[in-house]
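Here's the structure we're looking at; comments come further down.
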Amino acid sequence: MFILKKFGQLLVTVILVTLFASLLLELLPGDPTEVLIPSGSDQQREELRQELKLDQSFAVRYSTWLGNFATGDMGNYYTVSSDRPVSDRLWQSLPVSLLLMFYAQMLALFFAIPLGVITAYRKGTWLDRTSNTAAFAMLAIPNFALGFLLQYYLGVKLGWFKTSGYASPNESPIEHLQYMILPTITLAVGQIAIYMRLLRSDMIATLQQDFILMAKAKGLKSKRILFRHALRPSSLTLLTVAGLNIGTLIGGALIVEVVFALPGMGLMLFEAIGRRQIVAFQSMVAVIAILYILVNFAVDLLYTVLDPRIRNANKS
Amino acid sequence: MQTNRDTSIAHLDPSSLPTIEAIEAPSSHTVRGDRLGTAAWVAIAWIAFLALLAILAPVLPIPDPNQSFVALARKGPAAGHWFGGDAIGRDLLSRIIWGTRSSFIVGFGAVAFGLLIGGMLGLMTGFFRGKVDGFITPLMNVLLAIPQFVLALSLVTVLASGAGVNSTRRLAVVVLGLGIVSIPLLGRITRANTLAWSEREFVLAAKAMGAKNGRIMVREVLPNVMPAMLSISLLGVGIAIVAEGGLSLFGVGVQLPMPSWGNIIAEGRGQMRNSPHIVIFTSLILFLTVMALNFLGDAVNRRFGVRESVL
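Protein chains in written order, with my numbering: chain P, 18 to 333; chain G, 24 to 334.
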């Protein structure tokens, strides 16, 4: 029953989000064909108007758009000479963005978990204070500025990493990593700060619990207590924050892709905006939003599996 | 009133929590009593200083931000031009000061817009609950179902795509776009706090004395919800200023030649090899400002967190 209700909410949200995406063309001031193909002839404009059903009501336009979208027709890039489908590029770009976000998330957790645990354990020491200040600074660094600086100093000046472009992991895994390192670091910096700080405050509360005292009394080593006993209940908090962070992560990934010319969704959006390809833009926004909703839905379900209290709380 | 584990479970639905909430106060540093602490005053001084520069920009002894000096192109700091010049020889200091204007208008403007609408909706939904809540909260959740930057990008791209959009109009579009994005975030914080404060005895007392709902909301509940709103707003201003930079990178931020911190950095990226000072100086100012705003948000939280537990 709970799952069904959640699934119903999911469907409604997806429909509303697609409604928003298809409204974008409506919000465009003036004649959309003038924005899409500014140098097109009158005849070409008329054809485009027919194709986009601009002479019909919004309801018709929306249902056609939704039908096409659901069957994988994401519209076209419109040019005067030829129209190219958006979906071709979309399926190539999406994995790049997902990989970037995955790498950044892994890197962030790799640093944040030990740091969070240690600072909670050594609360109030210089290590705690230093990392707290560092985390505070890391949160304030704009990702694009950090990207430009890393790109220039580590990439161009020192020549350690590749600064722009991309290689597929299937064809050349090593080159792939060389291209991905800087974007991953750029995206991970803010995330490290967020995870670290949250894990720290959560762990401080956990460390005051009786079962930790029990574990100490049994004579277990600190390391074992911290990483086995105390970290486990905090995993739910980490999952919560990871879930909440996805939105920020997506936004950050789009920006970082533009900085490092990674051919993901961000770069695609960038090009679509630059060439005023609003139809393509709509599809990308819809795809990103739906992905976001699906991931949130998955995280939501995961809680239910991990923590029965939530299942029961939702029943009442 | 402190958030404990029990209340956090009710919040676990990811669509009901904002990401900025994850950016929490460094609570280990306790500030005693009613003081804000020296660091917070430094932060206030920095913001005030920039605001003053922004307001006084037209009368300050700095060159016109759009005037090119041929000899200054891509040059670092020089006599009379403390921050050097940009790609085409415009005085960087002057552009940053004028950029402070647009960046602050965007940051404070967007949050003020979001606070006005989101705050009002949050106060109403939290106070009346029931039908009002059942209608408005799902609407806000739809706005939250789209990643915030993507939502802002969509709104600004579309609204700024028409012909004849000048710099001023574009500035308004950016403020509006980022303002709309902040409505559900600010609304939810206000709602959550209003829900908690509306349960208190003094609200019940006011009701018992026959006070009207509007009066209770404004006189009893609002003053108590204010600190939380202020704290999240300060974070929001920083986020909005940075977001404008992100929009500039996509070519839809504040429109050149009108400078903003965001578009100075976005424009300066092409000059990293020869004159990295453009990006470095501007980023540094941006970084310090965001840090000051985050810090202030924190200080407000702590300052009122202390009093909250005393009540």
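Ideal Cβ placement from N, Cα and C applies to all residues, glycine included.
Once the 5 residues before and after G/Ile46 are set aside, which same chain residues still bring their CB inside 8 Å of it?
In this prediction, G/Ile46 has a pLDDT of 40, which is less than 50 and means its spatial position is unreliable; nothing more can be read from the coordinates.
May I ask you to list the residues that DSSP assigns as paired with P/Tyr94?
P/Arg101
Under a CB-based cut-off of 8 Å, is P/Leu83 close to chain G?
no
How far does the alpha helix (DSSP H) with G/Glu224 in it reach, from first residue to last?
224–231
Would you mind telling me which residues of chain G sit closer than 7 Å to P/Thr30, beta carbon to beta carbon, in chain order?
Val165, Ala168
Just verifying my parser: in three-state terms, what is the DSSP assignment at P/Ala154?
Correct three-state label for P/Ala154: helix.
G/Ile159 to G/Trp69, Cα distance in whole Å?
38 Å
Just confirm the distance between the C-beta atoms of G/Leu209 and G/Gly141, as a whole number of angstroms; I'd bet it's less than 8 Å.
4 Å
According to DSSP, G/Gly108 sits in a beta bridge with which residue or residues?
G/Asp114
With three or more C-beta pairs closer than 8 Å as the rule, is the segment 59–77 of chain P touching the segment 188–198 of chain G?
no
G/Val54 by DSSP, collapsed to three states: which one?
Low local confidence applies: a pLDDT of 45 at G/Val54 is under 50, so the model's placement there is unreliable, with the coordinate-based value given in what follows. G/Val54 falls in the coil class under three-state DSSP.
By alpha-carbon positions, which one of P/Thr30, P/Ile54, P/Tyr138, P/Phe277 ends up nearest to P/Val113?
P/Phe277
I need the DSSP call for G/Ser91, collapsed to helix, strand or coil.
strand
Would you mind reading off the limits of the alpha helix (DSSP H) that contains P/His193?
190–223
Report all residues from its chain with a CB closer than 8 Å to the CB of G/Leu182; omit the five preceding and five following residues, and keep chain order.
Closer than 8 Å at the Cβ level, and outside the excluded window around G/Leu182, lie Val196, Leu199, Gly200.
Can you pull the chain G neighbours of P/Phe119, defined as C-beta to C-beta under 8 Å?
In chain order: nothing, as chain G lies at least about 16 Å away.
Kindly give me the distance between the Cβ atoms of G/Pro88 and G/Arg113, rounded to whole angstroms, as I take these residues to be in contact under 8 Å.
6 Å
Quickly, what does DSSP pair P/Ala278 with across the bridge? List them, please.
According to DSSP, P/Ala278 bridges with nothing at all.
Going by CA-CA distance only, name the one from G/Ile85, G/Leu218, G/Arg211 that's closest to G/Leu138.
Ranked by how close their Cα comes to the Cα of G/Leu138, the residues G/Ile85, G/Leu218, G/Arg211 have G/Arg211 in first place.
Against chain P, does G/Ile288 count as a neighbour if the rule is that its beta carbon must be under 8 Å from one of theirs?
yes
With distances taken from CA atoms, which of P/Leu243, P/Ile209, P/Phe287, P/Val173 is nearest P/Leu224?
P/Leu243
Using Cβ-Cβ distances below 9 Å, what residues of the segment 308–324 of chain G are close to chain P?
Leu309, Phe310, Leu311, Thr312, Val313, Met314, Ala315, Leu316, Asn317, Phe318, Asp321
Name, please, each residue of chain P whose Cβ falls closer than 9 Å to the Cβ of G/Phe172.
Gly264, Thr265, Ile267, Gly268, Gly269, Leu271, Ile272
Quick one: Cα of G/Asn236 to Cα of G/Lys230, how far?
Taking the straight line from one Cα to the other gives about 8 Å.
Below 7 Å between beta carbons is the criterion; list the residues of the segment 271–302 of chain G that meet it against any residue of chain P, in chain order.
Hits within the stretch, in order: Leu272, Phe273, Gly274, Val275, Ile288, Arg292, Met295, Arg296, Pro299, Val302.
Take P/Ala337 and list the residues in its own chain whose beta-carbon comes closer than 6 Å to its own, dropping the five residues that flank it on each side.
Residue coverage of chain P in this structure runs from 18 to 333, which leaves residue 337 of chain P outside it and unanswerable.
Measuring CA to CA, which of G/Val188, G/Val275, G/Ile255, G/Leu178 is closest to P/Leu42?
G/Leu178
Pick out whichever of P/Ser251, P/Leu144, P/Leu115 has its Cα sitting closest to the Cα of P/Leu308.
P/Leu115
Identify, in the order they occur along the chain, each residue of the same chain with its Cβ nearer than 6 Å to the Cβ of G/Phe327, setting aside the five sequence neighbours on each side.
Pro250
Alpha carbon to alpha carbon, how far is P/Val322 from G/Leu40? Give it in angstroms, no decimals.
Confidence is the limiting factor: at G/Leu40 the pLDDT is only 37, short of 50, which leaves the residue's position unreliable and the question unanswerable from this model.
Thinking C-beta only, is G/Phe273 closer than 8 Å to P/Leu286?
It is a contact, given that the beta carbons lie within the stated cut-off.
Please state whether the Cβ-Cβ distance between P/Ala162 and G/Val302 is less than 8 Å.
yes
Go to P/Ile32, then tell me how far its alpha helix (DSSP H) extends in each direction, as first and last residue.
19–44
What are the start and end residues of each continuous alpha helix (DSSP H) run of 4 or more residues lying completely inside the segment 106–192 of chain G, in chain order?
115–151, 153–167, 171–182
Using a Cβ-Cβ distance cut-off of 8 Å, determine whether P/Pro280 contacts chain G.
Not closer than 8 Å to any Cβ of chain G, the Cβ of P/Pro280 fails to qualify, so no.
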